[in-house]
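In the numbering used here, the protein residues as written are 114 to 399.
Contents: one structure, followed by commentary.
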């Protein structure tokens, strides 16, 4: 709510007379909120945002401009800004009182600038769009993105609405398998190497109960296994059947360190160094 003041003046024959001061208040009729459909993000993930603008006044408000900073945050010593979100072109939708309208004009991509919005008297407008996290999106424990939308136009003061989402640190596993040698004689020895990578910010612990399994065909005999250089023992760490060739770890045996997240001090881009564990299985072809 804004307050304004006025005073009148009379000037005559070298005399100045001032009136009393009147005060008035301008009631703000527009309000805005901003929401993210999902509260967390990861690298290269799409986030859907909804901006709600409500008009409590008795007249429509037109020619509104919405400007979204896409989460820009200060970086470096030159007062530069890193922008962690990239608007997905063509994704904007526009609704008046729940009825879909022709998509509004996107005048600029960064900051995202949307023009030509109208909010009817006593009604609301919704602007829906998506953005993708990019290389400047902070990662790791405690990381977050806060982006702010500014709603501006003629006849009202600029209003803002912000939303914060946090980095998802859940475990995120990938596995690769290698065979050495790739050509082997009958009854020859082979080595299978499995590299398990964790791209998540949380370590894999025994409580996560990650189970590794593989079915070797042909099966291998005289099997030995090591996990991160430490010998595994059948019945304690794994079970294996030479008949079926099926190998599986027992509960709580697979652990993988958390990933490390590093921001380049020169460019501001983030990179991920996954946590790694290695399982090595050796045996003779049966």
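By construction, the Cβ of each residue, glycine as well, lies at the ideal position given by its N, Cα and C atoms.
- For residue 287, DSSP records a beta bridge to 310.
- With a threshold of 16 other beta carbon atoms within 10 Å, residue 146 falls short and is exposed.
- Between the alpha carbons of residue 399 and residue 159 lies a distance of about 48 Å.
- When DSSP states are grouped into helix, strand and coil, residue 256 belongs to the coil group.
- Excluding residues up to 5 positions away in sequence, 310 lie with their Cβ nearer than 6 Å to the Cβ of residue 287 in the same chain.
- Burial state of residue 152 is exposed, judged by a 10 Å Cβ sphere holding fewer than 16 other Cβ atoms.
- DSSP places residue 159 within a strand segment (E or B) once states are collapsed to three.
- Comparing alpha-carbon positions, the option among 162, 157, 231 and 281 lying closest to residue 176 turns out to be 231.
- Of all alpha-carbon atoms in 343, 243, 357 and 211, the one lying nearest the alpha-carbon of residue 149 is that of 243.
- At the C-beta level, residue 259 and residue 178 stay beyond 8 Å of one another.
- Look at residue 187 here: in three-state DSSP terms it is strand.
- Three or more beta-carbon pairs drawn from the stretch 324 to 341 and the stretch 350 to 363 are found closer than 8 Å, and the two stretches are therefore classed as touching.
- Between the stretch 249 to 267 and the stretch 181 to 194, the count of C-beta pairs closer than 8 Å reaches three or more; the two stretches touch.
- In the structure shown, the three-state DSSP call for residue 320 is helix.
- If you check the CB distance, residue 315 and residue 284 come in under 8 Å.
- Straight-line measurement puts the Cα of residue 387 at about 31 Å from the Cα of residue 223.
- Looking at the backbone, the Cα of residue 384 and that of residue 375 are separated by about 5 Å.
- Counting C-beta pairs with one atom in each stretch, the stretch 363 to 372 and the stretch 315 to 324 have three or more that are closer than 8 Å, which means they touch.
- Here residue 343 is exposed. Its C-beta has fewer than 16 other C-beta atoms within 10 Å.
- Per DSSP, the unbroken beta strand (DSSP E) holding residue 339 starts and ends at 333 to 340.
- For residue 276, the uninterrupted beta strand (DSSP E) run begins and ends at 272 to 280, by DSSP.
- Burial is judged here by how many other beta carbons sit within 10 angstroms of a residue's own beta carbon; residue 134 has fewer than 16 and is exposed.
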